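K.L.:
Residue numbers (the working numbering): 594 to 798.
If you scroll down you'll find the structure; I have some questions about it.
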């Protein structure tokens, strides 16, 4: 399945806390796992997933690949691709997601790459971000054009990739149920084809 790039969006700061528990619940129920490859978010995606009790059943780990050479060495991003397009590009996001999925043996690979600011990088303005989700059926990307502070751009990037992952795994077709497991693992309830859970709110830019 060829990578598919989604339409650009302009969310500002949001925590991603709605998508994280849904994603953990869905993957736990299906005995699936995820791994994260992060550039500008520097571990925030994995940390947000880990905020949900029971995340250890799902989250295998992550690779923080800030520098181009780390992306190529640890995530198998082609050196030629980085030389040609830089690191802020949808193709790089795809390669990162697929690389971390393969390297860590996860069902799903999530990636973030972009410019957090405050200034431009590689000729791209602050707020230019690409996120990707790689899974059994292929890889999808989403291009973001974000406004706000450095912290807001990073937080919005986390929320966007978790929202995309929740959509791709089908987690947004379920609703959260109160945790019954004594360890606090979040459950799911409702018809898989039932009402879609609300997206994370998009704050003002």
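Idealized CB from N, CA, C, for every residue including glycine.
Values in this document were obtained by computation on a predicted structure and should not be read as measured data.
Under 8 angstroms by Cβ, that's how I've got residue 620 and residue 627 pegged, so tell me the actual separation to the nearest angstrom.
P.N.:
Along the chain shown, read from residue 1 onward, the residue named residue 620 stands at position 27. Along the chain shown, read from residue 1 onward, the residue named residue 627 stands at position 34. With a beta-carbon spacing of about 6 angstroms, residue 620 and residue 627 fall inside the 8 angstroms limit used to define contacts.
K.L.:
If you check the beta carbons only, do residue 699 and residue 668 fall under 8 angstroms apart?
P.N.:
Position 106 of the chain shown, counted from the first residue, corresponds to residue 699. Position 75 of the chain shown, counted from the first residue, corresponds to residue 668. It is not a contact, given that the beta carbons lie outside the stated cut-off.
K.L.:
Do you know offhand how far residue 755's Cα is from residue 748's?
P.N.:
Here residue 755 corresponds to residue number 162 of the chain shown, with the count starting at 1. Here residue 748 corresponds to residue number 155 of the chain shown, with the count starting at 1. Straight-line Cα distance between these residues: approximately 11 angstroms.
K.L.:
Whose C-beta lies closer than 7 angstroms to the C-beta of residue 613 among residues of the same chain, with five residues either side of it excluded?
P.N.:
Numbered from its first residue, the chain shown carries residue 613 at position 20. Cβ within range, chain order: 641, 642, 644, 645 and 755.
K.L.:
Between the Cα of residue 664 and those of 724, 632 and 761, spot the shortest distance and give me the residue it belongs to.
P.N.:
Looking up residue 664 in the chain shown gives position 71. Here the closest residue by C-alpha is 632.
K.L.:
Helix, strand or coil for residue 620, going by three-state DSSP, please let me know.
P.N.:
The residue given as residue 620 occupies position 27 in the chain shown. DSSP places residue 620 in helix when its eight states are reduced to three.
K.L.:
Give the DSSP-derived three-state secondary structure of residue 749 in the structure shown.
P.N.:
Position 156 of the chain shown holds residue 749. Collapsing the DSSP output to three states places residue 749 in a helix.
K.L.:
Would you mind working out which of 741, 704, 696 and 703 sits nearest residue 712, comparing C-alpha positions?
P.N.:
For this step, residue 712 is matched to residue 119 along the chain shown. Residue 741 is the option with its Cα nearest to residue 712.
K.L.:
Over what stretch of residues does the alpha helix (DSSP H) that includes residue 641 continue unbroken?
P.N.:
If you number the chain shown from 1, residue 641 lands on position 48. Where residue 641 is concerned, the enclosing alpha helix (DSSP H) starts and stops at 637-643.
K.L.:
Residues in its own chain within less than 7 angstroms of residue 691 by CB, not counting five upstream and five downstream?
P.N.:
As a working note, residue 691 is residue 98 in the chain shown. Excluding sequence neighbours, residue 691 sits near 702, 727 and 732.
K.L.:
In the DSSP assignment, what residue or residues form a beta bridge with residue 738?
P.N.:
For the purposes of this step, residue 738 is taken as the residue at position 145 of the chain shown. Partner(s): 721.
K.L.:
Whole angstroms are fine: how far does the CA of residue 750 sit from the CA of residue 657?
P.N.:
Here residue 657 corresponds to residue number 64 of the chain shown, with the count starting at 1. Here residue 750 corresponds to residue number 157 of the chain shown, with the count starting at 1. The alpha-carbon atoms of residue 657 and residue 750 are separated by roughly 15 angstroms.
K.L.:
If we ignore side chains and look at the alpha-carbon of each, how far apart do residue 611 and residue 717 end up?
P.N.:
As a first step, residue 611 is located in the chain shown; it is residue number 18 there, counting from the start. As a first step, residue 717 is located in the chain shown; it is residue number 124 there, counting from the start. C-alpha separation (whole angstroms): 30 angstroms.
K.L.:
Out of 618, 706 and 648, which one is the CA nearest neighbour of residue 685?
P.N.:
Numbered from its first residue, the chain shown carries residue 685 at position 92. When only C-alpha atoms are compared, the closest one is 706.
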